[in-house]
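Using the working numbering, you'd call the opening residue of the sequence shown number 80 and step up by one each time.
Reading through the structure tokens given below for one structure.
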Amino acid sequence: MADTAVLAAQVPTVEGKARPGDAALAARLDALDLPRGGFTRAAREDAAQRLEAMGLPGARDEYWRYTDPAPFNAARPQPVELAADETTLFTGIDRLNLVFVDGRFDAEASDALAAEGVQVESLAAADAGADHWAAGLYGRLEAAGQVPVKRPFAALNTLVAAEGVLIRVTGKVERPVHITYRRSAADADVHLHHLVQLEEGAELTLLETGSIGARSNVVIEADLGRGARFHHISAKRANDPKLGLGHIFARVAAEALFKSFTLSVNGSMMRNEAVIDIAGDDAVAHIAAAVLGDGDIGRFHHDDTVFVTHAAERCESRQVFKKVLKNGAEGIFQGKILVKPGAQKTDGYQISQGLLLDEGSQFLAKPELEIYADDVKCSHGSTTGALDETALFYLRSRGVPKERAIVLLVLSFLADALDEIEDQRLRDDILGRLEDWLTARAGNPGKAASPGKA
80 MADTAVLAAQ VPTVEGKARP GDAALAARLD ALDLPRGGFT RAAREDAAQR
130 LEAMGLPGAR DEYWRYTDPA PFNAARPQPV ELAADETTLF TGIDRLNLVF
180 VDGRFDAEAS DALAAEGVQV ESLAAADAGA DHWAAGLYGR LEAAGQVPVK
230 RPFAALNTLV AAEGVLIRVT GKVERPVHIT YRRSAADADV HLHHLVQLEE
280 GAELTLLETG SIGARSNVVI EADLGRGARF HHISAKRAND PKLGLGHIFA
330 RVAAEALFKS FTLSVNGSMM RNEAVIDIAG DDAVAHIAAA VLGDGDIGRF
380 HHDDTVFVTH AAERCESRQV FKKVLKNGAE GIFQGKILVK PGAQKTDGYQ
430 ISQGLLLDEG SQFLAKPELE IYADDVKCSH GSTTGALDET ALFYLRSRGV
480 PKERAIVLLV LSFLADALDE IEDQRLRDDI LGRLEDWLTA RAGNPGKAAS
530 PGKA
């Protein structure tokens, strides 16, 4: 491990006064064992310099105006009681299962890493050497994604993450790679950094499920070669009152397809950031999420922040975010489409919708378009509302019990987001879990609560 005190002491001052956030950054570094790094060393040093220059975010930062970063700035997380084990999604599907416990790779609980068409390694094991294919990818897309918006927690992850999965795909991989998260410590503070390199024409499905830690910070960097196809599905465990940060940085080459879907069911405070660079002609990138939050179980605050850049011709992007909120739950969406000069024939679509099951919940949206090309088709929309009383009356008039009718209407509301999952088996598994969750809570109607309920 590197000398933590030395790195922490590198936090600069301006005219003898520490900038806002510097004390928090120093405290965070002091609380961590910083990896020395092998092939990641140069990227970690670069991340340290960038992080020191920007500092950790404050409540006045524009991109944190809806979410208080203080719990993520704290030196250590508050302990979280371990949740009872639940049935994990996708267990009935043939897959390559990789298990992490408290942020450490568990080789004994994982499947053998050898698989046709894919090379899989643990970051900790691979970083013992100085030469590796991942040296050209680690931290590269994260660094590029800092412009024009600073993302300090992603830079922090590049600096401190000692573990993760390195995946290099050379062909079409039939079995999904499934990352299963488990935790055994109530105060686990987890940083994981995953790399995915898809060569020309390669195809992979990556799954993430489970409970990561009391607080987590996960970064995925995905580099798609020409004609590659990448499907990403993240479904975190329900009823686990954790703090979670998720980042995915992707570069999509010509004729490639990128799809990412996130399922979030409760939690405490979560923020997911997606930074997608559509760099090659005729490429496609879709990002979607289905979010269900019930403030009666505990505080629920969920923030999705998306930045999609179109830098090539005849490309398509789609953002579909649906959030169902009750009992004072809070949902946030910040999404932007940037169309650069020369990115003609762009087709960019963005929709964010909140379904509020009581008057105390709230959904805040900030959609943005920035266009510098004149032959494009771009649109965005955002709506917030309650259940359709006419549709509810129609179902009840035909003998459907009220609780069941509400479940059916909520599932219908989420359908557009779920449709972004191409694999029918995976979609059905998630749909079944959602239906079970909704049915179990259908008898607990939303009640009035203040939007800031803790």
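Where a beta carbon is used, it is the ideal one built from N, C-alpha and C, also for glycine.
From a predicted model like this one, the values you see are computed outputs, not experimental measurements.
Give me whichever residues DSSP pairs with residue i in a beta bridge.
i	result
residue 176	257
residue 357	331 and 389
residue 251	282
residue 457	427
residue 351	325 and 383
residue 200	245
residue 296	270 and 324
residue 396	364 and 427
residue 444	412
residue 151	Residue 151 pairs with nothing; no bridge assigned.
residue 339	311 and 366
residue 301	275 and 329
residue 372	404
residue 184	179
Quick check on residue i: buried or exposed, where buried means 16 or more other Cβ atoms within 10 Å of its Cβ?
i	result
residue 425	buried
residue 226	exposed
residue 456	exposed
residue 518	exposed
residue 95	Low confidence applies to residue 95: its pLDDT is 34, below 50, so where it sits in the model is not reliable, and the reading given next is rough at best. Residue 95 comes out exposed.
residue 462	exposed
residue 138	exposed
residue 413	buried
residue 321	buried
residue 481	exposed
residue 446	buried
residue 427	buried
Between the alpha carbons of residue i and residue j, how many angstroms are there, rounded?
i	j	result
residue 338	residue 280	15 Å
residue 498	residue 488	16 Å
residue 217	residue 289	24 Å
residue 333	residue 357	8 Å
residue 179	residue 298	15 Å
residue 513	residue 490	8 Å
residue 529	residue 374	Only weak support is given to the placement of residue 529: the predicted model assigns it a pLDDT of 33, under 50, and the value that follows is read from those uncertain coordinates. Taking the straight line joining both Cα atoms gives about 10 Å.
residue 229	residue 351	15 Å
residue 250	residue 484	45 Å
residue 126	residue 273	16 Å
residue 315	residue 505	14 Å
residue 397	residue 391	16 Å
residue 143	residue 429	21 Å
residue 400	residue 366	8 Å
residue 157	residue 347	12 Å
residue 245	residue 209	15 Å
residue 146	residue 359	34 Å
residue 302	residue 265	34 Å
residue 237	residue 122	7 Å
residue 106	residue 234	16 Å
residue 433	residue 149	25 Å
residue 388	residue 417	5 Å
residue 493	residue 431	11 Å
residue 460	residue 385	14 Å
residue 115	residue 451	43 Å
residue 277	residue 131	32 Å
residue 361	residue 353	20 Å
residue 212	residue 305	18 Å
residue 466	residue 255	36 Å
Leaving out five residues before and five after residue i in sequence, what residues of the same chain have Cβ atoms less than 8 Å from its Cβ?
i	result
residue 508	168, 169, 171 and 172
residue 453	423
Excluding the five sequence neighbours on either side, which residues of its own chain have a C-beta within less than 6 Å of the C-beta of residue i, listed in chain order?
i	result
residue 198	247
residue 135	100, 103, 104, 152 and 231
residue 88	Per-residue confidence for residue 88 stands at a pLDDT of 39, beneath the threshold of 50, marking its modelled position as unreliable; the derived number appears in the next sentence. Closer than 6 Å at the Cβ level, and outside the excluded window around residue 88, lies no residue.
residue 267	181, 292 and 293
residue 364	331, 337, 355, 357 and 396
residue 97	Confidence at residue 97 is low in this model, with a pLDDT of 43, below 50, so its placement is unreliable and no value can be given for it.
In chain order, what residues of the same chain have a beta carbon less than 7 Å from the beta carbon of residue i, not counting five sequence neighbours either side?
i	result
residue 189	176, 177 and 178
residue 520	373
residue 408	372, 373, 374, 379 and 440
residue 341	313, 351 and 368
residue 160	265
residue 442	402, 404, 410, 433, 435 and 463
residue 84	Low local confidence applies: a pLDDT of 40 at residue 84 is under 50, so the model's placement there is unreliable, with the coordinate-based value given in what follows. Excluding positions up to five away in sequence, the list is empty.
residue 470	488
Is any non-hydrogen atom of the ligand ADP found closer than 7 Å to the C-beta of residue i, if you look at the structure I gave you?
i	result
residue 199	The ligand content of the structure shown is nil, which means the ligand ADP is not present either.
Quick check for students: name the residue ranges of the alpha helix (DSSP H) that lie wholly in the stretch 482 to 518, counting only runs of 4 or more.
Listed in chain order, nothing qualifies, since the stretch 482 to 518 has no complete alpha helix (DSSP H) run of 4 or more residues.
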